[in-house]
Every structure is written in structure tokens, then in C-alpha cells.
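Asks: Okay, handing you the structure first.
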Amino acid sequence: MKPLILLNFKTYPEAAGTKALPLAKKLEKVRTKKYEVVIAPSLPTLEEVAAGTSLTVYSQHTDLAGLGAFTGKISAQELKQIGVKGTILNHSERKIPFLILKKIVADCKKQKLVVVVCASSLLEAKKVAELKPDYLAYEPPELIGGDISVTKTKPDIILRAVELVKKISHKTKVLCGAGVHSREDIQKALQLGTKGVLIGHAVPKAKDPAKFLKELLR
Ligand code: G3P
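Using my numbering, read the sequence shown as starting at 730 and increasing by one per residue.
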């Protein structure tokens with residue numbers, strides 16, 4: 730299986746609203762045999778981007794909701810219908826209480842969405858691993874949005890997260906994220922035993938996002 734490069738567009742002005750599809754179309758032109766590239770556009774743009782690009786699309790969040798009286802909620806079932814293939818859950822910017830998270834993970838698995846659950850600490854990683862998601866993304870919140878990569882400042886914690894998760898859920902692959910912005914950061918993440926990275930601001934904020942991504946994946 731190829732390492733996953735998950736690009737979280739968040740709601741950056743360069744990537745949200747009317748900018749989402751044009752950005753996705755630029756990024757889909759970047760070909761790679763080494764990695765699996767997945768994008769997580771802002772929630773209001775999911776359907777348009779999923780329909781308009783060949784890239785795999787994940788949601789940035791999913792709620793505990795079905796199809797019915799759930800005003801303002803994002804349900805796994807609806808995501809599935811509009812061509813979304815997976816979801817990030819419990820991102821530091823969108824935390825979910827653990828008992829609810831447990832139910833959402835089960836619901837997403839039922840819909841056959843790929844589940845990426847974020848953890849901000851080793852303690853949280855331990856709890857999250859028990860939910861046996863497809864991926865666990867370890868992201869120290871204090872490094873998110875900055876230019877110092879987690880792989881440079883916290884390599885020991887990543888190693889420990891990989892070990893810890895392996896013991897609890899053999900099927901769960903570990904990702905890391907926060908400040909990842911270079912080819913070296915990705916290589917280092919893989920050396921530490923992760924199966925990929927989450928990247929936020931570096932791609933949408935780049936002067937030429939496609940060129941930047943190409944260089945990252947070289
Ligand atoms: O979901 C990705 C993330 O939170 C990392 O963001 O901007 O530090 O790459 P960033």
C-alpha cells in the first residue's frame with residue numbers, strides 16, 4: 730500500500746468556496762506512483778469537488794447523524810452518496826467528545842468510509858487506537874499551522890505513537906501532521922514508521938500549489 734498524503738484544505742481563502750475546485754483540478758495534474766494523494770476540501774465544496782476531480786476526496790469532519798431530522802449536520806450516509814470516500818474525525822480544530830466519536834467511527838465504517846481519526850497526545854492516541862480506525866493521525870496542536878515540522882521537533886513522540894498504536898490495533902496505520910512542508914519532512918515521517926502525512930497550509934498557501942506538491946512528491 731502506498732503512503733498517504735492527505736491534503737487538508739481547511740477553510741483557507743485560497744482553497745475554500747469558489748477556489749476549491751480550481752485548486753483540486755491543478756493538484757490532480759500532479760502524477761505520482763509513490764504516494765496516494767487525497768484531498769479534504771471544505772464541507773460546502775465537497776460534492777462539487779468530488780464530482781469535478783479525479784482525486785479521492787475525504788471530508789474534514791462527520792457528525793453523528795443520519796438522513797432525516799438533523800439540521801445542519803453532515804452524515805456519513807450523505808457523504809457516501811455524493812462520492813466522498815473517507816473522513817477526518819476529531820481534528821484539533823474540530824474535536825469530538827470520545828463517546829460520540831466512538832459512534833461516529835462505527836457509523837462511518839458501516840458506510841465504508843475510510844476513517845482517519847486525529848489525536849493530539851499519546852494519551853488520546855491510546856484511546857483513539859481502541860476504536861481501530863483505518864488511520865490515526867498524530868498532530869501536536871502547538872505545531873499546527875507553523876513551519877516547524879513535527880518530524881523535526883517531535884520524532885520520539887511519533888515513534889512512540891507508532892509503537893503504541895501497533896500494540897492496540899494492528900490494522901491502524903499512523904500518520905503524522907503539523908508543519909509538514911518539505912520532501913524531507915515526508916521522508917522522515919516514513920522513516921519513523923508512519924504510513925503518511927497530513928498537510929494543511931503548505932499547499933494552498935504556496936505560490937504555485939501544483940509545483941509545490943510536485944516537489945513534495947518527487
Ligand atoms: O490537518 C492538517 C493539519 O492540521 C496540519 O496543518 O498547516 O500545520 O500543515 P499544517
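By construction, the Cβ of each residue, glycine as well, lies at the ideal position given by its N, Cα and C atoms.
1) Who does LEU818 pair with in a DSSP beta bridge?
2) DSSP three-state call for ILE897: helix, strand or coil?
3) Given a cut-off of 8 Å on the beta-carbon distance, is the pair VAL879 and PRO862 in contact?
4) Using a threshold of 8 Å, state whether the C-beta atoms of LYS754 and LEU793 are closer than that.
5) Need the endpoints of the alpha helix (DSSP H) that LYS809 sits in, please.
6) Indicate, with yes or no, if ligand 1 has a heavy atom lying under 7 Å from the CB of HIS930.
7) For the alpha helix (DSSP H) containing GLY781, list its first residue and its last residue.
8) Could you pull the DSSP bridge partners for SER788 from this structure?
9) So, with DSSP's three-state summary, where would you put LYS940?
Replies: Once the coordinates are examined:
1) Looking at the DSSP output, LEU818 shares a beta bridge with VAL846.
2) helix
3) no
4) no
5) Per DSSP, LYS809 belongs to the alpha helix (DSSP H) from 805 to 810.
6) yes
7) 775 to 781
8) DSSP output for SER788 lists THR816 as bridge partner(s).
9) Correct three-state label for LYS940: helix.
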